[in-house]
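The structure appears below as structure tokens.
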Amino acid sequence: MVTDNLPAGVTFVSCASTGTGVCGGSGNNRTVSFASLVSGESATITLVATVNSAGGTTVDNTATVSSATADSNPANNSATASTSVQAVLPLLTIDDLPNIAEGNTGTSTATFTVTLSPSSTQTVTVNYTTSSASPATATAGTDYQTASGTLTFNPGDTSKPIVVTINGDTLVEPNETFFVDLSAAVNANISDPQAVGTIVNDDTANLVISQVYGGGGLSGATYTHDFVEIYNRGTTTVDFSITAYSVQYAGVQAAFGSAKTDIVSGTIAPGKYFLIQGATGGGVGVALPTPDATGSINLNASTGKVALVLGTVALTGNCPGDVAPPPTNPAGNNIVDFVGYGFGTTTSTPDCFEGTARVTTASGTQNNRSIVRDDDGCEDTNDNAANFTYPPATTPPVARNQSTPANPCP
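In terms of the working numbering, the sequence shown opens at residue -17 and continues consecutively.
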């Protein structure tokens, strides 16, 4: 039998033995009994205990073997193990920053807090570095400036800051994330090795349809192709590779569907125009200025409905989101801007428009005219009749693209 009365500095957890050993006893007083051990046979006993003693102390544990059979050498029937108790290391954590202000220009700072708990009597160090590893979405050097180094906690210190520089911009984009990682701690363990910093976008887009031209290439046409022109009347830049838009078209009494052009590349800065080329009806007219996007929408020169949509999902219905009673105004569906234009009779009058009334055009061949938003695109009270002009044939349309000088709204 092996007897092991565990010291007060520990608490018994479990016992196991190889061979025929059977664990017994209670509390810290444990025994392991063997029916027999032949000469040369051995057994391994494992006692598991938790330490209650303070760090820096020593726990002594003595095990004794006894047998009914006479022992010719009783001097080796006990053994003592001395174990040094290590102090429990303090823990390092770092907090997330979910609402970092972006700003429009220059730089600002985001301060992450690293906490040591409890404080230590030793000097604690830990390394840190920023990262844009997946699934982070912020770009180092563009959205924030990289940072790395070593934090030092002197005895008694419980927190240290990590300061990351944030770059302001006026780009319309989703919120962006980056990481701050902790590693290689000395005299402490890291329980939370990573913080997430979220740069909150504070820029909003203000894009409008500034001109619509149909009849391209037909008799008397000014241009060989139809076009829709959009304008940035806001103060922020839209990057279409980040935030996609689409231009969609339907006839005056028809439903929206497949007639759309997705805008998924290029940018439009404040005060700038963006030209979307449509279909051609023939070879009459001059070529458009270099289009910024190219599609195949076939626009009617005198009647129609055009929507500028955030995203590329096709609209449905004659007047998407309209709720009775009149006027028939579109709503929801990520519609950013909308214009309905037409003339006279019901069949030539759009069944959807912004505000109180359509843009009034004229019957007959009008392939040398366009509808144009007033004040070079700046006028927008969400009323088609009030915000658009239909210049006479003596004032032919002028298509504007990214190369056109900026014309910021006052």
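Beta carbons: idealized from backbone N, C-alpha and C, even for Gly.
Query: Give the range of the alpha helix (DSSP H) segment to which A367 is assigned.; Result: 366 to 369
Query: Does DSSP classify T328 as helix, strand or coil?; Result: helix
Query: The beta strand (DSSP E) that contains C391, what's its start and end?; Result: Run containing C391: none; DSSP gives neither H nor E here.
Query: Report the residue from A120, N157, F161 whose alpha carbon sits nearest the alpha carbon of D185.; Result: N157
Query: Are S399 and G138 closer than 7 angstroms when you measure CB to CB?; Result: This structure leaves residue 399 out entirely; the chain is present only between -17 and 392.
Query: Relative to the alpha-carbon of G260, which residue among P271, I250, P252 has its alpha-carbon at the smallest distance?; Result: P271
Query: Quick check: the region 61 to 69 against the region 33 to 50, are at least 3 beta-carbon pairs closer than 8 angstroms?; Result: yes
Query: So R215 and C334 are supposed to be a Cβ contact under 8 angstroms. How far apart are they, rounded?; Result: About 22 angstroms separates the two Cβ atoms, so there is no contact after all.
Query: Should the region 145 to 157 be called in touch with the region 168 to 181, which here means at least 3 C-beta pairs below 8 angstroms?; Result: yes
Query: With DSSP as the reference, identify every bridge partner of A31, one or two as the case may be.; Result: F(-6)
Query: Hey, would you say V4 sits closer than 7 angstroms to S15, going by beta carbons?; Result: yes
Query: Can you tell me the Cβ-Cβ gap for A166 and P72, rounded? I've got them flagged as a contact below 8 angstroms.; Result: Not confirmed; about 16 angstroms, so no contact.
Query: Going straight from the alpha carbon of F161 to that of D78, what length do you get?; Result: 9 angstroms
Query: Can Y231 and L292 be called in contact, C-beta distance under 7 angstroms?; Result: no
Query: Return the residue from the list V20, A25, P117, N(-13) that minimises the CA-CA distance to S8.; Result: N(-13)
Query: From Q235 to V220, what does the alpha carbon distance come to, in whole angstroms?; Result: 32 angstroms
Query: For D53, count neighbouring Cβ atoms within 10 angstroms of its own Cβ and tell me buried if that reaches 16, exposed if not.; Result: exposed
Query: Would F(-6) and A50 qualify as a contact pair, given that the criterion is a beta-carbon distance under 7 angstroms?; Result: no
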